[in-house]
Amino acid sequence: MTERGADIHRVFHDVERAASAGPAVEFLRAVEAAPSVLAYRTRLEEHLAPVAGETVLDVGCGAGHHAAAIAAARAAADAPGPVVGMDRPRMLEEAADRYGDAVRWLPGAAEAMPLEDDSVDAVYAERVLMYVDDAVDVVAEMARVRRPGGRVALFELDYASMVLGGDPKTADEVLGVVCGTVACDRMGRALGRLLTDAGVLVVEQAPFAMPIPPPVWASAVRAPVEEAVADGRLDAGRVAAWFDAVEAPGAYPGSVTGVLACGR
Numbered sequence: 001m002t003e004r005g006a007d008i009h010r011v012f013h014d015v016e017r018a019a020s021a022g023p024a025v026e027f028l029r030a031v032e033a034a035p036s037v038l039a040y041r042t043r044l045e046e047h048l049a050p051v052a053g054e055t056v057l058d059v060g061c062g063a064g065h066h067a068a069a070i071a072a073a074r075a076a077a078d079a080p081g082p083v084v085g086m087d088r089p090r091m092l093e094e095a096a097d098r099y100g101d102a103v104r105w106l107p108g109a110a111e112a113m114p115l116e117d118d119s120v121d122a123v124y125a126e127r128v129l130m131y132v133d134d135a136v137d138v139v140a141e142m143a144r145v146r147r148p149g150g151r152v153a154l155f156e157l158d159y160a161s162m163v164l165g166g167d168p169k170t171a172d173e174v175l176g177v178v179c180g181t182v183a184c185d186r187m188g189r190a191l192g193r194l195l196t197d198a199g200v201l202v203v204e205q206a207p208f209a210m211p212i213p214p215p216v217w218a219s220a221v222r223a224p225v226e227e228a229v230a231d232g233r234l235d236a237g238r239v240a241a242w243f244d245a246v247e248a249p250g251a252y253p254g255s256v257t258g259v260l261a262c263g264r
């Protein structure tokens with residue numbers, strides 16, 4: 001049986017009001033080494049491809065893992081340049097504690113970035129838009145701060161594409177609960193349109209199959225579903241039987257499709 005975790009979606013939606021940023025930090029750390037995450041990040045970084053002196057912006061950098069990795073890779077490749085990680089102050093405290101000044105940590109809201117027009121060469125956001133109330137504003141801001149011809153990359157999960165094992169009826173009910181935990185459960189498929197509407201030329205859209213590892217399952221699936229059982233939205237007996245089935249040895253609990261969209 002998988003251990004229950006905190007509903008991570010609630011924490012990410014408003015980390016400043018959460019009781020603690022700890023669940024978000026631990027969640028991000030747990031998924032960093034997932035093969036599916038490494039796969040899409042490899043392609044994302046190939047698209048950004050910063051040369052020496054260029055500025056890279058990570059919008060919604062969280063605890064700073066990816067921004068710090070990009071800074072280290074640039075230094076190792078003899079292509080140094082500023083890497084800026086932007087997020088809410090609470091997450092940046094965690095990032096600065098872990099990675100120091102290898103990255104410039106910039107407090108700010110993605111919907112109104114504290115940056116000048118045409119001030120960065122490459123900008124990206126990953127698993128951010130699904131939590132914001134107005135993705136249009138965020139992508140417009142990314143386009144605004146990007147220099148003409150600069151690179152943009154977005155990666156988002158498309159929760160409505162989630163495939164769950166077990167009894168189909170219960171799986172559909174579980175999916176309905178999980179999709180309701182994010183601001184947009186179809187964000188992955190919307191990325192190309194968002195970029196185009198912001199005046200960015202889309203050069204690639206690629207789907208990635210994302211298996212759901214135990215840390216994600218506990219906090220992104222089990223926690224909100226158990227909350228739905230507790231408040232009477234789902235039947236306790238059927239949900240318990242469903243969890244037993246999909247968490248049994250050899251069972252396939254589920255996966256979700258993520259989409260990487262790249263533009264210039």
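Note that full-length UniProt numbering has the sequence shown beginning at 1, numbered continuously upward. Glycine is no exception: its CB is placed at the ideal position from the N, C-alpha and C atoms. Given the structure is predicted, the values throughout are model-derived calculations rather than measurements.
Cα-Cα separation between residue i and residue j, rounded to whole angstroms
i, j, result
"residue 60", "residue 225", "26 Å"
"residue 164", "residue 68", "34 Å"
"residue 126", "residue 43", "13 Å"
"residue 13", "residue 23", "13 Å"
"residue 80", "residue 8", "34 Å"
"residue 170", "residue 82", "49 Å"
"residue 4", "residue 184", "Low local confidence applies: a pLDDT of 43 at residue 4 is under 50, so the model's placement there is unreliable, with the coordinate-based value given in what follows. Cα to Cα, residue 4 sits roughly 24 Å from residue 184."
"residue 2", "residue 200", "Unreliable positioning characterises residue 2 in this predicted model, as indicated by a pLDDT of 37, which lies under 50. A coordinate reading is not provided."
"residue 53", "residue 190", "32 Å"
First and last residue of the uninterrupted beta strand (DSSP E) at residue i
i, result
"residue 193", "No beta strand (DSSP E) holds residue 193; the alpha helix (DSSP H) holding it covers 187 to 197."
"residue 267", "Since the first residue shown for the chain is 1 and the last is 264, residue 267 is missing from the structure and cannot be characterised."
C-beta contact flag for residue i and residue j at 9 Å
i, j, result
"residue 58", "residue 91", "no"
"residue 194", "residue 261", "yes"
"residue 120", "residue 145", "yes"
"residue 254", "residue 188", "no"
"residue 152", "residue 197", "no"
"residue 62", "residue 28", "yes"
"residue 251", "residue 166", "yes"
"residue 208", "residue 222", "no"
Host alpha helix (DSSP H) of residue i (start-end)
i, result
"residue 228", "223 to 230"
"residue 93", "89 to 99"
From the options, residue whose alpha carbon lies closest to that of residue i
i, options, result
"residue 142", "36, 115, 160, 185", "115"
"residue 45", "55, 65, 63, 70", "70"
"residue 147", "118, 166, 130", "118"
"residue 48", "207, 122, 173", "122"
"residue 30", "212, 112, 150", "212"
"residue 263", "97, 230, 124, 94", "124"
"residue 99", "65, 168, 252", "65"
Count the CB pairs spanning the stretch 170 to 181 and the stretch 226 to 242 that are closer than 8 Å, and state whether there are at least three.
yes
Under 8 Å: do the stretch 153 to 168 and the stretch 73 to 93 share three or more Cβ pairs, one atom per stretch?
no
Spell out a yes or no on whether the stretch 126 to 142 and the stretch 95 to 105 are touching, meaning 3 or more CB-CB pairs, one atom from each, closer than 8 Å.
no
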